[in-house]
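Peer 1: Numbering (this note's numbering), first residue to last: 656 to 852.
Ideal Cβ placement from N, Cα and C applies to all residues, glycine included.
The structure that follows is given in the form of structure tokens.
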């Protein structure tokens with residue numbers, strides 16, 4: 656049996672060393688070469704996948720909405736904030752849906768949360784672009800923020816995750832020869848109406 660730990664980087668990760676060390680264990684040393692080759696491909700794919708996950712989770716910019724309200728006004732404000740995000744994507748003519756997140760998926764802070772998911776044609780799926788939460792007094796109690804003797808309610812909502820939204824625009828406006836510019840973006844494009852491939 657081949658010791659998979661030999662492939663670990665701290666063990667040298669040298670295919671020639673692994674091959675030689677395993678020569679006595681296998682009648683056909685070629686199988687070791689195949690395993691080494693497979694391991695290299697798996698490591699490369701795993702690295703690329705991990706790198707992509709980090710890019711998606713860590714490296715993005717966004718425009719965020721923050722609101723502090725009285726306890727009486729927070730639920731109305733939550734609806735206004737998700738409406739702002741909806742109007743943003745309606746202006747871009749991006750297909751989207753709003754999903755009320757089930758209570759079992761909420762973090763400790765959020766009392767209610769909506770996700771706005773936009774359509775990505777290439778993967779034929781909806782992906783989250785906006786997360787809108789009413790944290791009621793969860794944060795204000797920890798931060799000791801009061802108004803008129805009451806803990807305020809705190810809400811936050813993405814308006815747009817910039818890079819994700821750009822990807823969504825590119826996918827939704829893509830044609831066979833390039834990308835059409837959304838009408839709402841034309842004033843910012845210096846006369847460019849189409850980006851050819």
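1) Should residue 847 be labelled buried (16 or more other beta-carbon atoms within 10 Å of its own) or exposed?
2) Restricting to Cα atoms, I'd like to know which of 842, 823, 719 and 841 is closest to residue 778.
3) Just mark residue 659 as buried or exposed, buried being the case when its beta carbon has 16 or more other beta carbons within 10 Å.
4) Which first and last residues belong to the alpha helix (DSSP H) in which residue 744 is found?
5) By DSSP, does residue 805 sit in helix, in strand, or in coil?
6) Near residue 837, which residues of its chain fall below 7 Å by C-beta distance, leaving aside the five closest residues on each side in sequence?
7) Would residue 751 be called buried (16 or more neighbouring beta carbons within 10 Å of its own) or exposed?
8) So, is residue 697 buried or exposed, given that buried needs 16 or more other C-beta atoms within 10 angstroms?
9) Distance check for residue 790 and residue 761, CA to CA, integer angstroms please.
10) By Cβ distance, which residues of its chain are closer than 7 Å to residue 695, with the 5 residues on each side in sequence left out?
11) Residues in its own chain within less than 7 Å of residue 832 by CB, not counting five upstream and five downstream?
12) Here's a check: name, in chain order, each residue in its chain whose Cβ is nearer than 6 Å to the Cβ of residue 774, leaving out the five neighbours to either side.
13) Would you report the Cα separation of residue 756 and residue 800, rounded to the nearest angstrom?
14) For residue 852, which of helix, strand or coil comes out of DSSP?
15) Taking only the alpha-carbon atoms, compute the straight-line gap between residue 813 and residue 787 and give it to the nearest angstrom.
16) Take the Cβ of residue 820 as the centre, count every other Cβ of all protein chains shown within 10 Å, and call the residue buried at 16 or more, exposed below.
Peer 2: According to the structure data:
1) exposed
2) 823
3) The predicted model places residue 659 with a pLDDT of 48, which falls under 50 and marks its position as unreliable; any figure quoted below should be read in that light. Residue 659 comes out exposed.
4) For residue 744, the enclosing alpha helix (DSSP H) starts and ends at 729-746.
5) Looking at residue 805 - three-state DSSP - the assignment turns out to be strand.
6) 747, 748, 824 and 828
7) buried
8) Only weak support is given to the placement of residue 697: the predicted model assigns it a pLDDT of 49, under 50, and the question is left unresolved by the model.
9) Each residue's alpha carbon lies about 10 Å from the other.
10) Legend: pLDDT at residue 695 = 49, less than 50; position of this residue unreliable, value from coordinates given subsequently. Correct list: empty, nothing qualifies.
11) 851 and 852
12) 750 and 781
13) 27 Å
14) coil
15) Approximately 6 Å, taken between the alpha carbons.
16) buried
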